[in-house]
Amino acid sequence: GAVVSQHPSWVICKSGTSVKIECRSLDFQATTMFWYRQFPKQSLMLMATSNEGSKATYEQGVEKDKFLINHASLTLSTLTVTSAHPEDSSFYICSALDVTGGNQPQHFGDGTRLSIL
Amino acid sequence: GNSVTQMEGPVTLSEEAFLTINCTYTATGYPSLFWYVQYPGEGLQLLLKATKADDKGSNKGFEATYRKETTSFHLEKGSVQVSDSAVYFCALLRDDKIIFGKGTRLHILP
C-alpha cells in the first residue's frame, strides 16, 4: 500500500535554530500534502495544506513566516520551523492526499517529535 | 462548521471487557467518517471507515456504524485486549481535509 515517509523522527535542538522536516510519498505522486501539529495528549490540528508547485494554504492562526512549507516535487513536501523556540516543541505529522481511489483519503507519516531546548 | 466530538478519556477497562467510545459529528451534507488509532510514539493508522449512512466499518474486531439520524459513529469492540491500548480519534472528511476529534486514550489492564 501507499507509504509516506517522514524524516527525521526525532530532533532535539537549541532555541533559535531552524529545523526542516521532510515528508515523502514513496510509491505515489502527491500533489497535495498536509501538515498537522499535535500537542501532548491532544488532537491533531491542521496547520497547512501544501500544494505542489504553489504556495501553501495556512489555517487560521498559523504563522506562515514561522512555519515555511515547500512542495517542490510531486513526492516531497518540507516544513521548516524557523528560529524555533521551546513553545514550538511538539509532534508534527504530515499526510499525503491519495487521489488513486485507495482505501483512505490521506496517508500519514509516522510523525516528527521536535524538542527545542 | 464541521466538527467532531468524542468522549473524553482516559478510558480504563479490564481485558475482555466491552468497549464503546462515543463520537458525534456536525457537518453539512454527509461526510465520510473514520476512526484512527495512534499507538504510543507512533503516527496515525486508519482503523475503519464508513462513507455513507448505515454503513458499518469494521477491522480487528472493532466496529462503527454511520448513523445519520443521530449524527454518530460510535466505536465498539466486544472483547478488548491489552494490545488495544492506544489513543483513538474519530474524524470526518470534508473537502479533502480531515477534521479530528480530541482523541480518547484507552488503557486496557491485564
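Chains as they are written, first to last, in the numbering used here: chain R, 1 to 117; chain V, 1 to 110. Note that the Cβ used here is the ideal one computed from N, Cα and C, for glycine as well.
- Nearest to A91(V) by alpha-carbon distance, out of H71(R), L44(R), L68(R), K64(R), is L44(R).
- For V82(V), the CB contacts under 7 Å within the same chain, skipping 5 residues up- and downstream, are E15, I108, P110 in chain order.
- Excluding residues up to 5 positions away in sequence, R37, Q38, F39, L114 lie with their Cβ nearer than 7 Å to the Cβ of S90(R) in the same chain.
- With the rule of 3 Cβ pairs closer than 8 Å, the segment 16-32 of chain R does not count as touching the segment 54-67 of chain R.
- For the segment 13-44 of chain R, the beta-carbon criterion of a distance under 9 Å to any beta-carbon of chain V is satisfied by T32, F34, Y36, Q38, K41, Q42, S43, L44.
- Contact of F108(R) with chain V by beta-carbon distance below 9 Å involves Y36, G43, L44, Q45, L46.
- DSSP lists A64(V) as the bridge partner or partners of G57(V).
- DSSP places V19(R) in the uninterrupted beta strand (DSSP E) bounded by 19-25.
- When 8 Å is used as the limit between beta carbons, Q60(R) is near no residue of chain V, the shortest such separation being about 12 Å.
- Put simply, the CB of K49(V) is near chain R, with a gap under 8 Å to one of its CB atoms.
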